[in-house]
Each structure stands twice: as C-alpha cells, then as structure tokens.
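Taken in order, these protein sequences are the chains called Z and U. Letter by letter, the first sequence follows residues 3 to 322 of my numbering. Letter by letter, the second sequence follows residues 72 to 242 of my numbering. Cβ coordinates follow ideal geometry from the N, Cα and C atoms, glycine included. All remarks here apply to the structure that follows.
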Amino acid sequence: MLNRRNPQLNAHGELIHLLSIEGLPREVLHHILDTAGTFLSVNDREVKKVPLLRGKSVFNLFFENSTRTRTTFEIAAKRLSADVINLDIAKSSASKGESLLDTIANLSAMHADMFVVRHSESGAPYLIAQHCAAHVHVVNAGDGRHAHPTQGLLDMYTIRHYKKDFTQLSVAIVGDIVHSRVARSDIHALTTLGVPEIRAVGPKTLVPSDLREMGVRVCHDMAEGIRGADVIIMLRLQNERMSGAMLPSAAEFSRIYGLTPDKLALAKPDAIVMHPGPINRGVEIDSAVADGTHSVILPQVTFGIAVRMAVMSIISGNDA
Amino acid sequence: MSTLTLDAEALYTELRSGVRGLWRADMAMLGIWSGGAWLAERLHADLGLPGKPGVISSALHRDDFSARGMGHGTDATKIPFSVDGTHLLLVDDVLFTGRTIRAVLNELFDFGRPASVTLAVLVDRGGRELPIQAAFAAAKVTLPSDQRLSLTRVTEGPDEGRFTFSLRGGQ
Numbered sequence: 003m004l005n006r007r008n009p010q011l012n013a014h015g016e017l018i019h020l021l022s023i024e025g026l027p028r029e030v031l032h033h034i035l036d037t038a039g040t041f042l043s044v045n046d047r048e049v050k051k052v053p054l055l056r057g058k059s060v061f062n063l064f065f066e067n068s069t070r071t072r073t074t075f076e077i078a079a080k081r082l083s084a085d086v087i088n089l090d091i092a093k094s095s096a097s098k099g100e101s102l103l104d105t106i107a108n109l110s111a112m113h114a115d116m117f118v119v120r121h122s123e124s125g126a127p128y129l130i131a132q133h134c135a136a137h138v139h140v141v142n143a144g145d146g147r148h149a150h151p152t153q154g155l156l157d158m159y160t161i162r163h164y165k166k167d168f169t170q171l172s173v174a175i176v177g178d179i180v181h182s183r184v185a186r187s188d189i190h191a192l193t194t195l196g197v198p199e200i201r202a203v204g205p206k207t208l209v210p211s212d213l214r215e216m217g218v219r220v221c222h223d224m225a226e227g228i229r230g231a232d233v234i235i236m237l238r239l240q241n242e243r244m245s246g247a248m249l250p251s252a253a254e255f256s257r258i259y260g261l262t263p264d265k266l267a268l269a270k271p272d273a274i275v276m277h278p279g280p281i282n283r284g285v286e287i288d289s290a291v292a293d294g295t296h297s298v299i300l301p302q303v304t305f306g307i308a309v310r311m312a313v314m315s316i317i318s319g320n321d322a
Numbered sequence: 072m073s074t075l076t077l078d079a080e081a082l083y084t085e086l087r088s089g090v091r092g093l094w095r096a097d098m099a100m101l102g103i104w105s106g107g108a109w110l111a112e113r114l115h116a117d118l119g120l121p122g123k124p125g126v127i128s129s130a131l132h133r134d135d136f137s138a139r140g141m142g143h144g145t146d147a148t149k150i151p152f153s154v155d156g157t158h159l160l161l162v163d164d165v166l167f168t169g170r171t172i173r174a175v176l177n178e179l180f181d182f183g184r185p186a187s188v189t190l191a192v193l194v195d196r197g198g199r200e201l202p203i204q205a206a207f208a209a210a211k212v213t214l215p216s217d218q219r220l221s222l223t224r225v226t227e228g229p230d231e232g233r234f235t236f237s238l239r240g241g242q
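As structure tokens, this is what we get:
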C-alpha cells in the first residue's frame, strides 16, 4: 500500500469506507468520535431513530460467525433507518463454491448501499471495496488477524469518555495479542491520537516482537505491564484460533496474566478496565474485576452502537 | 461588496421585545444550534426565566444529507425539559428557505408531542421553499439567494458575547 492513496478516503480526504484505522488522520478519528457523541443521545429519546440512512440497504456479510458484532451493526443501521439484510454467508453461497467477488456482484445487483463485512481472511474487505460500485460503502467488521476498526474506535470513544485527554495516558493491552485484530486496531488508533505509552503485555508466544517497531513497549511481566496504567484493555484468550502449543494451559495463562483485584491494584487508582467481549470469566479476567467499579465493559457495548452509527452515517454521506 | 448593514445588537433588542410579547408563563424556549441557541441563552437571561433553554440541532434530519454528508460541528440537541404537552418558543437567527425549521420540527417530535410551537427569528430574509412562517421577525430583508447570512458571536475581548452578522458569498 506504499505511496498509494488510502482506499478508505476520497480525493477530498473524506472517509468513504472504513477498512482499517491504520493510515487515517487524527482529524478523521476525532470527527467519528464527535459524531458518535451526538448519536449516543439518540438512544435516550422517545423515538430512537433518525432518518439519515432512510431508503438505504445495509447488508451484513458475516463470512465468520459473530452474533454480537452483527447485532450491534444491525441496531446501529436500524437506528439510522436503513433496511438491514443479514446474510449468514458461512452457511450459504461460500459453502456452495461461489467466489467472494461473485457473491458481491450478486448482492450489488440487489441494490446494496453498504456492506458490513466480517471475514476470516485478512484483506477481504479491501478486495470488496475495490470491486464494488462507486456508490457502495464498505465497513470492515473484522478481517482475519488484521483489523477490527469499529472496535478500535469504540475503545477510543470509551477512553476519551472516561479520561478526556489521550496525550497523558499509559495504556496496557493484555493477553493474546498475536491473534487479536482488536489489539492491532487499538494500537494504531492510540498512536494516531497521541497516547505516549502503549504497552503490550503477555507471554512471548502471544505477543509479536515486531510491535516494538510500532512504538509499543512489550512486557512479558504482568506486574511491570500494568503498573501505573490508566487504561487496561484485556483481550479474550482465543481458544478457537489457538493451534499448536502456544500456551502450556489456560490455567497457567490465567494465573500469570489473568486480571485479578490484586494485579489491578498495581494500576492507577482511577484506572479503567476494558474488554472487547465476550469475556472468559476466570481466564483472562476475574469476576470481581469484570463486575467491579473499574470495569467499563458494558458502557463499551453502548458506546459501540453510537460509534457504528457515526461510521455508517459519515461514510454514506461522502461520495467516492 | 454588499452595502447591507444589519446591526445585530439593535435587532436583538427588537427581538427581545417581540419575544416578551409572545411569551406566556407555561412556555419553554428552544434555540436552534448555533445562532438561535446563543439568542435563546441571552433571551432567557434577559427575561429572567427560570431553568435553561433547550438547544436543538437540524443535523440528523437535514434533507441535504446525501449531498453534504455529516457536518463537522459539535451540534447536538439538548432539551432539559419535557417536550410532551409543552408550548414551545423556537428561536433562530436567520429564516430563509424554511428547510432548517422543517428538520428541527422533525427532530423535536422525536422527543415527544409539544402542545404548540411558535417561531421567533432575528432576520427573515425571504426566499421560502416551504410553507413556514415566523410569528415574529426583528427585521425583514431581501438578499441574493447565493449569499449566506448568519449570526456570529464575539468570543473574546471587551465585546465578548456581542452579536454581529457574517455575510458570505454572492457578488
């Protein structure tokens, strides 16, 4: 992608697709977060719906299962008055041998205006964005190990909500970072927004060493990793992506890297604890922490809807 | 250069007397973001009304969304009172095509069903494209349709808080 125009932006630098946080200017991120703030209040109204996407069709294309993410996109699109079509591709055309681009061509013939794409292959949403009609917008809802930009943005919204200013923070991302597209998106977003200290905490097998090149401090020691942190982002141990002996056992991982009240006490007294969900209680996070006063895991879910509304309304208002 | 001179402060004084005439005890005030919100804030203080006026934004109901997209403003509707069954006085700086008022009315009804809505504006510049009228306008002017008239507020210095007009575009 070197020296090529960012495919997410049009000639005026406006967002037309959301594929990755990497390469997006700080102003674009702030515009999304500001807009999300406006939408957050829509949820408190008598009529929880605004007509910005009225008459538009949003297709949720989930080549990989994720009920929760799909549901939040569906709620966001419906609150914007779009018609939402959910396609469980994993169980249909792909299994009959249809290629990705043929699937997209067929759905485009059904007059789709937006595709929300979840795919196990990194880069699939880029391929779709490059081949769909000019009026169609694409949102990456998670591709392989590459990116999960709306999760990254909702994490940024959450941090900004509780901490106000990004430029004084220490943020620790803990756990299975190597498999985590959330971690990658968070790191790009935190860097763009000016967070001075980002720490990646976990065992050597789950923390890629090339993170150092992105300006991230890699810590294999949990105490060192979370000491003095303002924000702790716990990641789910992704058993379904774990192949080979990357870990001795979940129990051992939990003992060393699971967030317990004792370990949390090392962070700043007003630290917040985040998690993209679904949480594995007793594995990466102790119930006392997940349900405790530092936890902002449920507000993250609420903010996620507003952030997805912001992304969808911004991209659909900008022409290619 | 336009030779039009509009004294925003003098017009504000007119608007204040107009609003005093329209006001009734069971009313609540709503200013349209941003110019109307500034006016409502000052009217509320000058008329010695209790509580705070509401702010209402047209952003989520605009009819030019597909052409203009989401704006970069931080305008968000904040209504600190119940809309249901309330008589409302809606305040804006400039009334032109009426499209902003249409969008604002739609926004308003997402919060409930007001008993009535009355509109008061600083300037009515004609050029209506919808059947919408103000109950009070401090001035009526005619401007070329490609000119953009809006209220601005001095943000610092000895004149802080004073109103002026900004006129852009046109010949």
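Going by other Cβ atoms of all chains shown within 10 Å of its Cβ, with 16 needed for buried, is residue i buried or exposed?
i	result
Z/ILE307	buried
Z/ILE258	exposed
U/ASP155	exposed
Z/HIS150	buried
U/GLU80	exposed
Z/GLU24	buried
U/THR213	exposed
U/VAL225	exposed
Z/HIS14	exposed
U/ARG91	exposed
Z/ASN142	buried
U/GLY89	buried
Z/ALA111	exposed
Z/GLN10	buried
U/LEU118	exposed
Considering just the uninterrupted stretch of the beta strand (DSSP E) at residue i, what are its terminal residues?
i	result
Z/HIS121	116 to 121
Z/LYS2	Residue 2 of chain Z falls outside the range modelled here, since chain Z spans only 3 to 322, and no answer is possible.
U/THR223	219 to 224
U/ARG239	234 to 239
So residue i is in the alpha helix (DSSP H); what residue range does that whole segment cover?
i	result
Z/MET112	Z/MET112 -> no alpha helix (DSSP H), and no H or E assigned at all.
U/GLU112	106 to 117
U/SER137	136 to 139
Z/ASN142	Careful: Z/ASN142 lies outside any alpha helix (DSSP H), inside the beta strand (DSSP E) at 139 to 145.
Z/LEU192	183 to 194
U/GLU85	79 to 93
Z/GLU226	224 to 228
Z/HIS32	28 to 42
U/PHE167	First-last for U/PHE167: undefined, no H or E at that position.
Z/LEU155	151 to 165
U/PHE152	It is not in any alpha helix (DSSP H) - U/PHE152 carries neither H nor E in the DSSP assignment.
Z/GLU254	252 to 259
Z/ALA290	289 to 292
Z/LYS265	263 to 266
Just grab the DSSP bridge partners of residue i for me.
i	result
U/LYS211	U/ASP195
U/GLY125	U/LEU101
Z/ASN62	Z/ASN88, Z/VAL118
Z/MET276	Z/ILE235
Z/CYS134	Z/CYS134 pairs with nothing; no bridge assigned.
Z/PRO11	The amino acid occupying residue 11 of chain Z in the given sequence is Leu; Pro does not appear at that position. Answer is Z/LEU17.
Z/ILE23	Per DSSP, none; premise fails for Z/ILE23.
Z/ALA202	Z/ILE175, Z/VAL220
U/LEU159	U/ALA99, U/VAL188
Z/ARG214	Its beta-bridge partners do not exist; DSSP assigns none.
Z/ARG283	Z/ILE287
Z/SER297	Z/VAL275
Is the beta carbon of residue i within less than 7 Å of some heavy atom of the ligand PLP?
i	result
Z/ALA202	This structure simply doesn't include the ligand PLP, nor any ligand for that matter.
Closer than 7 Å between beta carbons: that is the criterion. Which residues of the region 171 to 191 of chain U meet it against chain Z? Residues ASP181, PHE182, GLY183.
I want to know whether the region 149 to 161 of chain Z touches the region 17 to 27 of chain Z - three or more CB-CB distances under 8 Å. Short answer: they touch.
Residues of the region 113 to 141 of chain U with Cβ closer than 9 Å to any Cβ of chain Z, in chain order: Hits within the stretch, in order: SER128, ALA130, LEU131, HIS132, ARG133, PHE136, SER137, ALA138, ARG139, GLY140, MET141.
Spell out a yes or no on whether the region 109 to 120 of chain U and the region 173 to 180 of chain U are touching, meaning 3 or more CB-CB pairs, one atom from each, closer than 8 Å. In short, these stretches do not touch, since the Cβ pair count stays below three.
Between the region 41 to 69 of chain Z and chain U, which residues of the former have a C-beta closer than 7 Å to a C-beta of the latter? Of all residues in the region 41 to 69 of chain Z, SER43, ARG47, GLU48, VAL49, VAL52, PRO53, LEU54 have a Cβ within less than 7 Å of some Cβ in chain U.
According to a CB-to-CB cut-off of less than 8 Å, which residues of the region 10 to 23 of chain Z neighbour chain U? Hits within the stretch, in order: GLU16.
What residues in the region 85 to 115 of chain U bring their beta carbon closer than 7 Å to a beta carbon of chain Z? Cβ contacts with chain Z come from no residue of the region 85 to 115 of chain U.
Are the region 42 to 53 of chain Z and the region 181 to 194 of chain U touching by the rule of at least three beta carbon pairs closer than 8 Å? By the Cβ rule, the region 42 to 53 of chain Z counts as touching the region 181 to 194 of chain U, because three or more pairs are nearer than 8 Å.
The region 125 to 137 of chain U touching the region 102 to 109 of chain U, judged by at least three CB pairs closer than 8 Å: Here the region 125 to 137 of chain U makes contact with the region 102 to 109 of chain U; the two share three or more CB pairs at distances below 8 Å.
When the Cβ atoms of the region 128 to 141 of chain U are set against those of the region 155 to 167 of chain U, are three or more pairs found closer than 8 Å? No, they do not touch.
Can you list, in chain order, the residues of the region 295 to 320 of chain Z whose Cβ is nearer than 7 Å to any Cβ on chain U? Of all residues in the region 295 to 320 of chain Z, only SER315, ILE316, GLY319, ASN320 place a beta-carbon less than 7 Å from a beta-carbon of chain U.
Three Cβ pairs or more, each shorter than 8 Å: is that satisfied between the region 133 to 144 of chain U and the region 90 to 98 of chain U? Between the region 133 to 144 of chain U and the region 90 to 98 of chain U, the count of C-beta pairs closer than 8 Å stays below three; the two stretches do not touch.
Taking beta-carbon pairs under 7 Å, can you tell me which members of the region 150 to 164 of chain U lie near chain Z? Here the close residues number zero.
Is the region 179 to 190 of chain Z touching the region 202 to 217 of chain Z in the sense that three or more CB pairs, one from each, lie closer than 8 Å? With a cut-off of 8 Å, the region 179 to 190 of chain Z and the region 202 to 217 of chain Z count as touching, because enough Cβ pairs lie within range.
Answer yes if the region 110 to 122 of chain Z comes into contact with the region 62 to 79 of chain Z, meaning at least three C-beta pairs across the two stretches below 8 Å, and no otherwise. Yes: at least three Cβ pairs fall under 8 Å.
Is it true that the region 269 to 283 of chain Z meets the region 230 to 243 of chain Z, where meeting means three or more beta-carbon pairs spaced less than 8 Å apart? Yes, they touch.
Inter-stretch contact (C-beta, 8 Å, three-pair minimum) for the region 210 to 217 of chain Z and the region 158 to 170 of chain Z: In short, these stretches do not touch, since the Cβ pair count stays below three.
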